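A.B. asks:
Numbering (the numbering used here), first residue to last: 1297 to 1624.
1) From the DSSP output, which residues share a beta bridge with residue 1586?
2) Look at the alpha carbon of residue 1421 and the alpha carbon of residue 1439, and state the distance between them as a whole number of angstroms.
3) Can you check the segment 1445-1482 for any alpha helix (DSSP H) of at least 4 residues that lies completely inside it and give the ranges in chain order?
4) Closer than 8 Å by C-beta to residue 1557: which residues in its own chain qualify, once you throw out the five before and the five after it? Chain order, please.
5) Work out the CA separation of residue 1456 and residue 1392 for me, nearest whole Å.
6) Report all residues from its chain with a CB closer than 8 Å to the CB of residue 1496; omit the five preceding and five following residues, and keep chain order.
7) Could you pull out every residue in the same chain whose Cβ sits closer than 6 Å to the Cβ of residue 1400, ignoring the five residues on either side in sequence?
8) Where DSSP assigns a beta bridge to residue 1535, which residues make up the other side?
9) Report yes or no: do the segment 1566-1578 and the segment 1414-1434 share at least 3 C-beta pairs separated by less than 8 Å?
10) Look up residue 1622 in the DSSP assignment and give the residues it is bridged to.
11) Of all the options 1337, 1330, 1303, 1328, which has the alpha carbon lying nearest to the alpha carbon of residue 1317?
12) Might you give, ordered along the chain, the residues of its own chain that have their beta carbon closer than 8 Å to the beta carbon of residue 1512, omitting 5 neighbours on each side?
13) Is the beta carbon of residue 1473 sitting closer than 7 Å to the one on residue 1507?
14) Can you grab the Cα-Cα spacing for the pair residue 1482 / residue 1489, in whole Å?
15) How do the segment 1598-1616 and the segment 1354-1374 stand: do at least 3 beta-carbon pairs fall below 8 Å, yes or no?
16) Compute the Euclidean distance between the alpha carbons of residue 1385 and residue 1611, then round it to the nearest angstrom.
17) Within 10 Å of its beta-carbon, does residue 1355 have 16 or more other beta-carbons around it, so buried, or fewer, so exposed?
18) Looking at the unbroken beta strand (DSSP E) that takes in residue 1608, where does it start and where does it end?
19) Please go through the same chain and pick out, in chain order, the residues whose beta-carbon is closer than 6 Å to the beta-carbon of residue 1619, but skip the five residues on each side of it.
20) Using the C-alpha atoms, what's the distance from residue 1390 back to residue 1335?
21) When the Cα of residue 1362 is compared with those of 1330, 1395, 1589, 1582, which residue comes out closest?
22) Which residue marks the beginning of the alpha helix (DSSP H) containing residue 1319, and which one marks its end?
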């Protein structure tokens, strides 16, 4: 009923529009009560789905999707999250959708659906994570610059590298910045390299970028000996997003690899979606979006032996858990 009612809004010639879309203030005046009701319904779905026994979960997912997909699947973020066109969740374009204009979709109704899903806890947490990463990079870069040396960073699982885009456009002197960005997706690397090089070309003092296609499984196979060029070469190694999809064993080995490549006094930062994600059941039952959740205690248990100088915290959204380790 709501979709048909909103469709009449699109057809009305009396409603103020800009470039074929409902004017922004009118859109949100219309959308807010509908989004609130959507959140209420999904809270109920989360509660009910959490009670479903394991042997019945596949039937519950099928029922939920059959009932809801006709009403939500034409919203671009919902569609990409569910269909996973690159074969996996959390791809670089999903991140771009989370960070971009939420009003996407073929009609006002599906734009409302899109905005509603991009207002969920995980999406808000991702946007907050980007802000935290920019602040972190700025703080670490200032430390390196104060010591009179370039700031060298390895970003593993870089995706669209939105935090790097923001950072290089706001940092006082990008010429001090050296980034190595690694991803297993050639498509993601092509997109991020084109975007970052375009931004960099517009700067008077340019940062240095290297782009490398590699997988985490290849990384952890490589032993970094103390006398190799790769040992202790970075001020910072960070990984924001991959741990949500990797086993404890792989995460632990990755962090061993990261710390071997960080100079003494440098920092490793890794993130994970928190165990207390309030929308876990909706993500799984409606979108087939599965994450491996961890809390501070679990993250601490995966840190390399001997890493005593570390901080673990949860951000303001309650959905991001961070582990920050100083390599001594």
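Backbone N, C-alpha and C fix where the C-beta goes; we use that ideal spot for every residue, glycine too.
These numbers come from a predicted model, not from an experiment.
C.D. replies: Considering the structure as presented:
1) Residue 1586 pairs with nothing; no bridge assigned.
2) Here the C-alpha atom of residue 1421 lies approximately 27 Å from the C-alpha atom of residue 1439.
3) Runs of the alpha helix (DSSP H) inside the segment 1445-1482: 1458-1466.
4) 1450, 1520, 1526, 1527, 1528, 1529, 1530, 1533.
5) So the alpha carbons of these two residues sit roughly 7 Å apart.
6) Closer than 8 Å at the Cβ level, and outside the excluded window around residue 1496, lie 1464, 1470, 1502, 1503, 1505.
7) For residue 1400, where only same-chain residues beyond five positions count, the Cβ hits under 6 Å are 1372, 1410.
8) BP columns for residue 1535 point to 1566.
9) Touching, yes, given that three or more Cβ pairs across the two stretches are closer than 8 Å.
10) Residue 1622 pairs with 1563.
11) The shortest CA-to-CA distance from residue 1317 to any of 1337, 1330, 1303, 1328 is the one to 1303.
12) Same-chain partners within the cutoff: 1452, 1453, 1480, 1538, 1542, 1546, 1550.
13) Taking 7 Å as the cut-off, the Cβ atoms of residue 1473 and residue 1507 do not count as close.
14) Rounded to the nearest angstrom, the two C-alpha atoms are 10 Å apart.
15) Contact check between the segment 1598-1616 and the segment 1354-1374: fewer than three CB pairs, one atom from each, fall below 8 Å, which does not count as touching.
16) The straight-line gap from Cα to Cα measures roughly 23 Å.
17) Exposed is the call here.
18) Looking at the DSSP string, the run of the beta strand (DSSP E) that includes residue 1608 is 1606-1610.
19) 1566, 1595, 1608, listed in sequence order.
20) Taking the straight line joining both Cα atoms gives about 21 Å.
21) That would be 1582, whose Cα lies nearest to the Cα of residue 1362.
22) Where residue 1319 is concerned, there is no enclosing alpha helix (DSSP H), because DSSP gives it neither an H nor an E.
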